[in-house]
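J.: Below you will find the structure I want to go over with you.
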Amino acid sequence: MTSSSSDDMIVGYLIIVLSVLCFIPNVVIMTAIYRDKELRTLNSYKLMMFLGVFDMSQLVVHFTTGFFNLFQNVGHPIFAKCLGVVATPSYICYVVITIVLAFNRFTQLACPKIDGILFGPGKLKYWMVFCLSFFLAFALALASPWATIHYVPEEWSWSYDYSLTGSKTIQMVEMVIELGGIAVSFLIYTGVFVVLWHTRKRFTPSAKRAADLKILIQSGVITAYCTTLNFMWHNYELILPDSLGTYCGLNFMWILNGGVNPIVYVIVNAAIRRKATVRLRSKRTTSKVDPGRPHSQTVFTVH
């Protein structure tokens, strides 16, 4: 499989642009949450910020690989290996955080007492350490001389180095965690929906519809997308040809995954959307000429 230099450049530029476009909504959401004292004290929003960190870490890596495509060179092999040490463990940690976030929502709705025990004051840091342990375990494994995943510019995608004895094992463990984790998240979100359905009489019709829609969108879109991505990434040969187009498509699906979560939250979460809108509006400035100053000086007032 070979590609032309013009195709390499087009794919490289697309990777760079798409990475930036997916990075922006993560920044908007995290900034909106951080600047709101009420939101950032809630466990679910703390987890959203934590999730955003690993979304953005992956996007930074993808942004870098865009330049690999442009120049058809990964630079120093150690640098290329380091990017793999960040990218794959970040995605695995992302999957684990998604499970914890889903579980937190379920306990809040179905078992408030258990939620107080598991997610009470000071408890969330232990869940974060639990999630980070997956990142560290895979990062150490991929940093070792026995396993490597790296970006391959001529294939427009990532690949494990199967000449190393541990690469296949790491890939299999990764697949189990990713596919299993998404399945667990789906089951938990199904439980959340069931709880909402059985308690629907407590809500007004409009509130009920909004809650149901939020759960369906979050669990449906994110779970379906991630399940498709994970299955295709590890088993694409079952239904797709072994071609550059397939590799490129799967890589773009991974990049887009970094933007799916924040975009869905912006769409369905009124609080996040409102705070993000206020934040963006606060950035707008207008210039006014001060009569008491030289005309070359301008005063900016923030609206």
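Take the sequence shown: its position 295, counted from the start at 1, is 295 in the UniProt record's numbering, and no numbers get skipped. From the three backbone atoms N, C-alpha and C, an ideal C-beta is built for every residue, glycine too.
In chain order, what residues of the same chain have a beta carbon less than 8 Å from the beta carbon of I99, not counting five sequence neighbours either side?
T.: Cβ within range, chain order: G181, V184, S185 and I188.
J.: Span of the alpha helix (DSSP H) holding I222?
T.: It is not in any alpha helix (DSSP H) - I222 carries neither H nor E in the DSSP assignment.
J.: Helix, strand or coil for H150 per DSSP?
T.: Residue state, collapsed to three classes: strand.
J.: Between P294 and F79, what straight-line distance do the alpha-carbon atoms span, to the nearest angstrom?
T.: Model confidence at P294 stands at a pLDDT of 43, short of 50, so the residue's coordinates are unreliable; what they give is reported in the following sentence. In a straight line, the C-alpha of P294 is about 52 Å away from that of F79.
J.: Expressed to the nearest angstrom, what Euclidean distance is found between the alpha-carbon atoms of T228 and N257?
T.: Approximately 11 Å, taken between the alpha carbons.
J.: Look at the alpha carbon of residue 310 and the alpha carbon of W156, and state the distance between them as a whole number of angstroms.
T.: Residue 310 falls outside the range modelled here, since the chain spans only 1 to 303, and no answer is possible.
J.: Given that a residue counts as buried once 16 or more other Cβ atoms are within 10 Å of its Cβ, and exposed if not, what is K123?
T.: Label assigned to K123: exposed.
J.: Could you tell me which residues DSSP puts in a beta bridge with S157?
T.: Answer by DSSP bridge pairing, in chain order: V152.
J.: Going by DSSP, what residue range makes up the alpha helix (DSSP H) through N104?
T.: Run containing N104: P77 to A110, per the alpha helix (DSSP H) assignment.
J.: Would D242 be called buried (16 or more neighbouring beta carbons within 10 Å of its own) or exposed?
T.: Exposed, since its Cβ has fewer than 16 Cβ neighbours within 10 Å.
J.: Could you pull the start and end residues of the alpha helix (DSSP H) that S243 belongs to?
T.: S243 -> no alpha helix (DSSP H), and no H or E assigned at all.
J.: What does the alpha-carbon distance come out to for the pair S163 and A147?
T.: Computed Cα separation, rounded: 9 Å.
J.: For a test of the three-state rule: what should DSSP assign to T64, helix, strand or coil?
T.: The answer is helix: DSSP assigns T64 an H, G or I state.
J.: How about A137 and V85: are their beta carbons less than 8 Å apart?
T.: Not a contact, by the Cβ cut-off of 8 Å.
J.: If you compare alpha carbons, which of F135, F134, V195 and H150 is closest to C111?
T.: Cα-wise, what sits closest to C111 is V195.
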